[in-house]
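Below is one structure, written out as structure tokens; the observations come after it.
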Amino acid sequence: MNIKKFIVTSSLATIMATSFVSTLPTQKVEAATYSDANTYYNAKLKEELQLLVNDLNSFELATGSLELYYKRTIKKAGYKAKVALRSNNYTLMSEAKYELEALYEDIKIAQIPNY
Numbered sequence: 352m353n354i355k356k357f358i359v360t361s362s363l364a365t366i367m368a369t370s371f372v373s374t375l376p377t378q379k380v381e382a383a384t385y386s387d388a389n390t391y392y393n394a395k396l397k398e399e400l401q402l403l404v405n406d407l408n409s410f411e412l413a414t415g416s417l418e419l420y421y422k423r424t425i426k427k428a429g430y431k432a433k434v435a436l437r438s439n440n441y442t443l444m445s446e447a448k449y450e451l452e453a454l455y456e457d458i459k460i461a462q463i464p465n466y
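Numbers in my numbering are just positions in the sequence shown, counted from 1, shifted up by 351.
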């Protein structure tokens, strides 16, 4: 039994040592197809900001009955978000996303009638 194991292992070691096996193509990971957490979160941030920008028109219409402050602020935040999306600057995108989300919540709260 030990002789069989010795023969098998020595023959496998000899095969692996030959230049034929070492020159077989190996799988290489291309850098373009490799995705890490940073690119995933950047894509997710861009998608979420795009959804917030798409909702911008409905919130602009909702500010018609509110003070002018809300209308000015939402136009400014929308412009800032559109510039961030065009420039692909993820720092600006995160700031614009936070600003739009906070402003949307303020508008929703301001529309609740006070009795």
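All C-beta atoms in this analysis are idealised placements derived from N, C-alpha and C, irrespective of residue type, glycine included.
Presumed contact (8 Å Cβ cut-off) between residue i and residue j, rounded CB distance
i      : j      : result
Leu451 : Ala428 : 5 Å
Tyr421 : Ala447 : In fact, because the Cβ distance is near 17 Å, the residues do not count as touching under 8 Å.
Residue i, DSSP secondary structure in three states
i      : result
Asp387 : coil
Asp406 : coil
Glu399 : helix
Ile463 : coil
Residue-level contact to chain D via CB, residue i, 8 Å cutoff
i      : result
Glu411 : Absent from the structure is chain D; it holds one protein chain and no more.
Identity of the residue in the options nearest residue i by Cα
i      : options                        : result
Asp457 : Leu396, Ala413, Lys355, Met444 : Ala413
Glu399 : Leu454, Tyr449, Glu411         : Tyr449
heavy atom of the ligand FAD below 7 Å from residue i C-beta
i      : result
Asn389 : Absence of the ligand FAD from the depicted structure is noted, as is the absence of any ligand whatsoever, leaving it without description.
Quiz item: Is there contact here, the stretch 411 to 420 with the stretch 390 to 397, by at least three beta-carbon pairs under 8 Å?
Solution: no
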